[in-house]
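Trainee:
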Amino acid sequence: MKVKVNKDACIGCGACAAICDSVFEIDDEGISTVKEEKVEDDKKQEVQDAVDSCPTGAIEVEK
């Protein structure tokens with residue numbers, strides 16, 4: 031699976047990084063970024079939880 035953050039939609043609330051800090055982090059501008067675009071199978075549920083928690087729907091997933 032591949033994951034990316036729509037920076038125009040992200041408000042930097044940090045929920046994704048709090049849930050899955052191995053994939054997401056908040057950059058110097060206060061916006062979420064993806065540490066690794068390709069996500070291993072063992073992290074899929076954490077990523078999905080992050081997607082579900084994003085208040086603006088800024089996280090996009092390709093399966």
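One rule links them: number in my numbering = place in the sequence shown (from 1) + 30. Note that beta-carbon positions come from the ideal geometry of N, C-alpha and C, so glycine has one too.
What separation, rounded to the nearest whole angstrom, lies between the Cα atoms of residue 73 and residue 58?
Mentor: Indexing the sequence shown from 1 puts residue 73 at position 43. Indexing the sequence shown from 1 puts residue 58 at position 28. Computed Cα separation, rounded: 25 Å.
Trainee: In three-state DSSP terms, what is residue 76?
Mentor: Reading the sequence shown from its first residue, position 46 is the one you call residue 76. In the structure shown, residue 76 sits in a helix (DSSP, three-state: H, G or I).
Trainee: Counting along the chain, where does the alpha helix (DSSP H) carrying residue 41 start and finish?
Mentor: Locating residue 41 in the sequence shown gives position 11, where the first residue counts as 1. No alpha helix (DSSP H) holds residue 41; DSSP gives it neither H nor E.
Trainee: On the DSSP letters alone, give me the boundaries of the beta strand (DSSP E) that residue 92 sits inside.
Mentor: Stepping through the sequence shown from its first residue, residue 92 is reached at position 62. Segment 89-92, the beta strand (DSSP E) holding residue 92.
Trainee: Looking at the unbroken beta strand (DSSP E) that takes in residue 35, where does it start and where does it end?
Mentor: Stepping through the sequence shown from its first residue, residue 35 is reached at position 5. Here the beta strand (DSSP E) through residue 35 covers 32-35.
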